[in-house]
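Residue numbers (our numbering): 59 to 244. Here the structure is laid out as structure tokens; the discussion comes afterwards.
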């Protein structure tokens, strides 16, 4: 038995002992913490960001992402970001970043007091994806994340880092579930 999302992967012959089923997902979506529930309920256009447990973003990548998030907030495309960062050493988190001519400090983001960007060491992914304010999921493109996003009906934008993730990003795009970011154009 193989966990799969029927229709996501390209058709191919499989040995008789392999039977794709799925997706196999937990049926349990635990409630959000009161603080996260309030954040989600007071925002209407939330981007959820998570890169799995293996990715440790560099300071350069963190800075680029913060710039993009802030620009989208400034333009009204988003009004909130929930960012799961389990493997980030906040000593290496950028202290400031610039968007156009404005400079932003990250102290409030890191401290958890900024009202637009919320960073979590651990994010209850399925619960966040099932909240009606979540409009887009920026993910590394792990299969479980793709399955959970599809199950919640949330479009996914894949920023692949390793392994099968680049291929998964292409599958997401080909199946109309979202798109992927090419590192060469980021």
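Backbone N, C-alpha and C define an ideal beta-carbon position, used for all residues, glycine too.
| query | result |
| --- | --- |
| 4-residue-minimum alpha helix (DSSP H) runs that sit fully inside the stretch 84 to 142, ordered along the chain | 92 to 99, 117 to 132 |
| Sequence-distant residues of its chain with Cβ nearer than 6 Å to residue 176 (five each side left out) | 97, 140 |
| Outcome for residue 218 when other beta-carbon atoms lying within 10 angstroms are tallied against a minimum of 16 | buried |
| At least three beta-carbon pairs within less than 8 Å, the stretch 129 to 138 to the stretch 220 to 238 | no |
| For residue 185 and residue 88, believed in contact at Cβ under 8 Å, the rounded distance | 6 Å |
| 9 Å Cβ cutoff met for residue 199 and residue 213 | no |
| Sheet register partners of residue 229 (DSSP bridge) | DSSP lists no partner for residue 229. |
| Extent of the continuous beta strand (DSSP E) to which residue 177 belongs | 175 to 178 |
| C-beta contact flag for residue 112 and residue 220 at 9 Å | yes |
| Which listed residue (69, 181, 117) has its alpha carbon closest to that of residue 93 | 181 |
| Contact check, residue 168 vs residue 129, beta carbons under 9 Å | no |
| Between the CA atoms of residue 100 and residue 91 - distance to the nearest angstrom | 14 Å |
| Environment of residue 71 [buried if 16+ CB atoms lie within 10 Å] | exposed |
| Range covered by the alpha helix (DSSP H) that runs through residue 206 | 201 to 210 |
| Opposing strand residues paired with residue 157 [DSSP bridges] | 160 |
| Residue 82 (DSSP reduced to helix, strand or coil) | coil |
| Residues near residue 246 by beta carbon distance below 8 Å, same chain, minus five either side | The shown model of the chain, from 59 to 244, leaves out residue 246, and the question about it has no answer. |
| Contact under 9 Å by Cβ, residue 194 with residue 61 | no |
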